[in-house]
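Just below is one structure, and these are the notes that go with it.
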Amino acid sequence: GGANCHQLLKSIHQFKQKYCDKNVPCLIRGLEKSHFKDISSQWRKSSIRQIEMYSEPARGVISDACNSNAAPSANSQTIVNTEWFSTFVGDDSMVPVRINNNQPGRGSNLDDDGRAQECETMEMKLSEWIDECRDHEEQFHASGRSGERRPRDNIGYLKDWHLVNFLSQRNESLPSWPLYTTPSFFQRDLLNDFLRRYSDGGDYKFVYWGPSGSATTLHSDVLHSYSWSYNVVGMKKWIFHIPELQRDNDDDDGRGEHYNSKQFEVIQNTGQTIFVPATWKHEVINLLETISINHNWITAANVDLSWQCLLTEISSIETELQSWGHIPDLDFAARENMLRGCIGLDVTSFFFMVLVELIRLLSSLYGVDCDESVGEELDSSEDRLLDLTSAIFRLRNMLCIIIENSMEIIDGGDCDVHLE
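Below, the structure written as structure tokens:
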């Protein structure tokens with residue numbers, strides 16, 4: 188009813204203010220039945236094995252990640268329903284399995300610029316991956332290492348799997364579609380909505396499937412985007428490295444931040460969702476065989492950080508072009524092509540992504556329904572109007588910055604453009 192809708196909009200506003208705008212992580216409970224009911228029921232099955240789970244004290248729907256002190260309790264385990272994947276994805280479908288030979292830890296998998304290095308990738312049939320996971324889990328539990336908190340070397344991890352995109356082309360055969368809906372907390376997604384409408388079908392919506400002990404080493408997320416991750420099955424340990432602000436930009440990563448030894452851990456159980464803030468370096472260890480839904484997304488609150496990421500990539504590309512004997516100032520098209528290859532977006536696409544969202548928000552403000560809505564419905568409350576006008580102000584400023592920076596990029600810094 189109206190009261191529930193008002194409470195939801197209030198929660199969304201509080202989430203944006205407390206976590207998105209302040210760029211800090213949080214753990215969210217209570218979204219399983221409202222947004223992930225179908226995918227949870229289809230991708231899980233029960234197991235008789237008892238495991239040590241970690242349950243947080245009740246703190247409402249959202250809780251600060253660093254304050255979610257977990258206490259162990261015994262619970263029956265749910266495991267991956269591999270029959271569903273064999274039936275609806277297909278045993279012969281090829282999946283991207285990453286092999287990471289580096290130990291997690293500060294700087295273990297970062298290049299000189301602080302970016303994550305590519306790990307070895309191998310394509311294998313889904314049936315082979317299912318067999319590999321089953322064999323690994325049997326050995327893992329037989330050895331008595333169940334619930335082990337340390338990552339293990341040379342374990343395959345099915346990452347960056349565009350499964351939802353793949354299934355959308357054959358959704359007629361699925362028991363239900365869509366398998367899940369994006370929670371309202373994470374809507375107004377500039378990135379994936381723009382790519383869905385105006386690209387050749389790319390997206391930043393992934394499935395991650397890793398056996399016990401598999402891990403993602405220290406990194407921050409692509410495009411300096413926000414990300415969220417819902418655990419359909421399993422348990423993860425997140426290790427967040429806390430950034431510190433500094434006045435000078437020496438020895439940092441271009442954002443006025445550097446990373447020290449301060450860190451904290453969060454245990455994410457089955458059915459829970461975690462919000463990962465932009466630019467925060469983190470490590471993730473699967474304590475059990477785990478399958479999760481992960482989205483990277485950009486909003487007005489972090490679009491400036493994403494633009495800084497593009498500028499950093501442009502600088503790296505110019506250095507590489509110079510090593511090839513090219514003159515970067517005269518090779519804008521080459522830079523655009525290389526940007527698309529590196530991070531999936533170029534300057535032109537980024538500009539239009541921001542412009543499209545700005546037009547949509549202005550249309551909402553003036554009550555014009557220019558196209559289908561992507562975010563929450565427009566509400567007349569002061570909080571909602573404040574969010575809307577704040578986003579419009581940020582996106583307008585972002586467009587001005589992009590134009591100024593782009594003219595400098597094209598003209599080699601000789602452009603004298605000033606926007607009011």
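First residue of the sequence shown? That's 188 in this note's numbering, and the numbers climb one at a time after it. Think of the CB as a built atom: it goes at the ideal place given N, C-alpha and C, for glycine as much as any other residue.
**Message:** Classify Glu-500: buried if its beta carbon has 16 or more other beta carbons within 10 angstroms, exposed otherwise.
**Reply:** Within the sequence shown, residue 500 is the residue found at index 313, counting from 1. So Glu-500 ends up on the buried side.
**Prompt:** Which residues in the same chain have their Cβ closer than 7 Å to the Cβ of Val-211, if we skip the five residues on either side of it in sequence?
**Reply:** Taking the first residue of the sequence shown as position 1, residue 211 is located at position 24. Excluding residues within five positions, the ones whose Cβ falls inside 7 Å are Pro-464.
**Request:** Report buried or exposed for Pro-365, applying the criterion of at least 16 other Cβ atoms within 10 angstroms of its Cβ.
**Result:** Walking along the sequence shown from the start, residue 365 turns up at place 178. Exposed: under 16 other Cβ atoms inside 10 Å.
**Item:** Stretch pair the stretch 275 to 282 + the stretch 310 to 317: three plus CB contacts closer than 8 Å
**Value:** yes
**Request:** Under 6 Å Cβ to Cβ from Cys-207, same chain only, skipping five residues before and after it: list those, please.
**Result:** Sequence index remark: in the sequence shown, residue 207 carries index 20 (1-based). Closer than 6 Å at the Cβ level, and outside the excluded window around Cys-207, lie Ala-488.
**Prompt:** Three-state secondary structure (DSSP) at Ser-233?
**Reply:** As a first step, residue 233 must be located in the sequence shown, where it is residue number 46. Ser-233 falls in the strand class under three-state DSSP.
**Request:** Give the DSSP-derived three-state secondary structure of His-200 in the structure shown.
**Result:** To locate residue 200, count along the sequence shown from 1; it is residue 13. His-200 falls in the helix class under three-state DSSP.
**Prompt:** Which class does Arg-302 belong to by DSSP, given the choice of helix, strand or coil?
**Reply:** Taking the first residue of the sequence shown as 1, we reach residue 302 at position 115. Residue placement at Arg-302 cannot be trusted, given a pLDDT of 46 that sits under 50; what the coordinates show is reported in the next sentence. Reduced to three states, the DSSP call for Arg-302 is coil.
**Message:** Using a Cβ-Cβ cutoff of less than 7 Å, which residues in the same chain neighbour Asn-418 once the five nearest sequence positions on both sides are dropped?
**Reply:** Your numbering for residue 418 matches position 231 in the sequence shown. Hits under 7 Å: Gln-455, Asn-456, Thr-457, Gly-458, Gln-459, Thr-477 and Ser-479.
**Prompt:** Between which two residues does the beta strand (DSSP E) harbouring Thr-308 extend?
**Reply:** For this step, residue 308 is matched to residue 121 along the sequence shown. Here the beta strand (DSSP E) through Thr-308 covers 307 to 312.
**Asked** Is the Cβ-Cβ distance between Phe-451 and Trp-415 less than 8 Å?
**Response** One-based indexing of the sequence shown puts residue 451 at position 264. One-based indexing of the sequence shown puts residue 415 at position 228. Not closer than 8 Å, so no.
**Item:** Buried or exposed by the 16-neighbour rule on C-beta atoms within 10 Å, applied to Thr-369
**Value:** Working through the sequence shown from its first residue, we reach residue 369 at position 182. Answer is buried; the Cβ neighbour count reaches 16.
**Message:** So, for Ser-273: in the same chain, excluding its five sequence neighbours on each side, which residues have a beta-carbon less than 8 Å away from its beta-carbon?
**Reply:** Stepping through the sequence shown from its first residue, residue 273 is reached at position 86. Here the set comprises Leu-313, Ser-314 and Ile-317.
**Asked** Which residue or residues does DSSP assign as beta-bridge partners of Asn-287?
**Response** Stepping through the sequence shown from its first residue, residue 287 is reached at position 100. DSSP lists no partner for Asn-287.
**Request:** Could you check the C-alpha separation between Thr-403 and Arg-383 for me, to the nearest Å?
**Result:** On the sequence shown, residue 403 is found 216 positions in, with the first residue counted as 1. On the sequence shown, residue 383 is found 196 positions in, with the first residue counted as 1. Rounded to whole angstroms, Thr-403 to Arg-383 spans 27 Å at the Cα level.
**Message:** So, for Cys-529: in the same chain, excluding its five sequence neighbours on each side, which residues have a beta-carbon less than 6 Å away from its beta-carbon?
**Reply:** Reading the sequence shown from its first residue, position 342 is the one you call residue 529. For Cys-529, where only same-chain residues beyond five positions count, the Cβ hits under 6 Å are Glu-500.
**Request:** Return yes when the Cβ of Leu-497 is within less than 8 Å of the Cβ of Val-534, no when it is not.
**Result:** Counting from 1 along the sequence shown, the entry for residue 534 is found at position 347. Counting from 1 along the sequence shown, the entry for residue 497 is found at position 310. Yes, the Cβ-Cβ distance between Val-534 and Leu-497 is below 8 Å.
**Message:** For Ser-250, list the residues DSSP reports as bridge partners.
**Reply:** By one-based count along the sequence shown, residue 250 stands at place 63. Paired residue(s): Leu-214.
**Alpha-carbon spacing of Gly-388 relative to Ser-412, whole angstroms** = Position 201 of the sequence shown, counted from the start, is the residue given in the question as residue 388. Position 225 of the sequence shown, counted from the start, is the residue given in the question as residue 412. For Gly-388 and Ser-412, the distance between alpha carbons rounds to 19 Å.
**Prompt:** When the Cα atoms are used, what is the spatial distance from Ser-503 to Lys-392?
**Reply:** Start at 1 with the first residue of the sequence shown, and residue 503 comes out as number 316. Start at 1 with the first residue of the sequence shown, and residue 392 comes out as number 205. Distance between the alpha carbons of Ser-503 and Lys-392: 26 Å.
**Asked** What is the residue span of the beta strand (DSSP E) that Thr-477 lies within?
**Response** For the purposes of this step, residue 477 is taken as the residue at position 290 of the sequence shown. Note, Thr-477: beta strand (DSSP E), 477 to 484.
**Message:** At the level of alpha carbons, what is the spacing between Lys-232 and Met-422?
**Reply:** Locating residue 232 in the sequence shown gives position 45, where the first residue counts as 1. Locating residue 422 in the sequence shown gives position 235, where the first residue counts as 1. Cα to Cα, Lys-232 sits roughly 15 Å from Met-422.
**Asked** How is Met-585 classed by DSSP in three states: helix, strand or coil?
**Response** As a working mapping, residue 585 is identified with position 398 in the sequence shown. Helix, per DSSP.
**Request:** Please report how far the alpha carbon of Ala-578 lies from the alpha carbon of Val-490, in whole angstroms.
**Result:** In the sequence shown, the residue the question calls residue 578 occupies position 391. In the sequence shown, the residue the question calls residue 490 occupies position 303. Rounded to whole angstroms, Ala-578 to Val-490 spans 10 Å at the Cα level.
**Asked** Exposed or buried, Trp-511, counting other C-beta atoms within 10 Å across all chains shown (16 or more means buried)?
**Response** By 1-based counting over the sequence shown, the position of residue 511 is 324. Exposed, because fewer than 16 other Cβ atoms sit within 10 Å of the Cβ of Trp-511.
**Prompt:** If you draw a straight line from the alpha carbon of Met-594 to that of Leu-586, how long is it in whole angstroms?
**Reply:** What you label residue 594 is simply residue 407 of the sequence shown in a count that begins at 1. What you label residue 586 is simply residue 399 of the sequence shown in a count that begins at 1. Going from the Cα of Met-594 to the Cα of Leu-586 covers about 12 Å.
**Prompt:** What is the rounded straight-line gap between the Cα of Ser-227 and the Cα of Ile-588?
**Reply:** Taking the sequence shown and counting its residues from 1, the one referred to as residue 227 is at position 40. Taking the sequence shown and counting its residues from 1, the one referred to as residue 588 is at position 401. Between Ser-227 and Ile-588, the C-alpha separation is close to 43 Å.
**Request:** Let me know the secondary structure DSSP gives Gln-356 once reduced to three states.
**Result:** Working through the sequence shown from its first residue, we reach residue 356 at position 169. Note: Gln-356 maps to coil in three-state DSSP.
**Message:** Give me the DSSP bridge partner(s) of Glu-470.
**Reply:** Residue 470 sits at position 283 when you count from the first residue of the sequence shown. Partner(s): Ile-426.
**Message:** Quick check: what's the CA-CA separation for Ser-399 versus Asn-268?
**Reply:** Taking the sequence shown and counting its residues from 1, the one referred to as residue 399 is at position 212. Taking the sequence shown and counting its residues from 1, the one referred to as residue 268 is at position 81. Computed Cα separation, rounded: 16 Å.
**Request:** Starting from Gln-455, follow its DSSP beta bridges and name the residues at the other end.
**Result:** Reading the sequence shown from its first residue, position 268 is the one you call residue 455. Answer is Lys-423, bridged to Gln-455.
**Item:** Residue nearest to Leu-474 in terms of C-alpha spacing, selected from Phe-580, Glu-219 and Trp-425
**Value:** Locating residue 474 in the sequence shown gives position 287, where the first residue counts as 1. The option with the nearest alpha carbon to Leu-474 is Trp-425.
**Prompt:** For the putative contact between Leu-508 and Ala-521, defined by C-beta atoms under 8 Å, what is the C-beta separation to the nearest angstrom?
**Reply:** Residue mapping note: residue 508 aligns to position 321 of the sequence shown, counting from 1. Residue mapping note: residue 521 aligns to position 334 of the sequence shown, counting from 1. Indeed they touch by this definition, with Cβ atoms about 6 Å apart.
**Asked** In or out: Lys-203 buried (at least 16 other Cβ within 10 Å) or exposed?
**Response** Taking the sequence shown and counting its residues from 1, one reaches residue 203 at position 16. That one is buried.
**Prompt:** In or out: Gly-554 buried (at least 16 other Cβ within 10 Å) or exposed?
**Reply:** Here residue 554 corresponds to residue number 367 of the sequence shown, with the count starting at 1. Its Cβ having fewer than 16 others within 10 Å, Gly-554 is exposed.
**Message:** Taking the alpha-carbon of Leu-361 as reference, which of Glu-431, Val-276 and Phe-373 has the nearest alpha-carbon?
**Reply:** As a first step, residue 361 must be located in the sequence shown, where it is residue number 174. Minimum Cα distance to Leu-361 is reached at Val-276.
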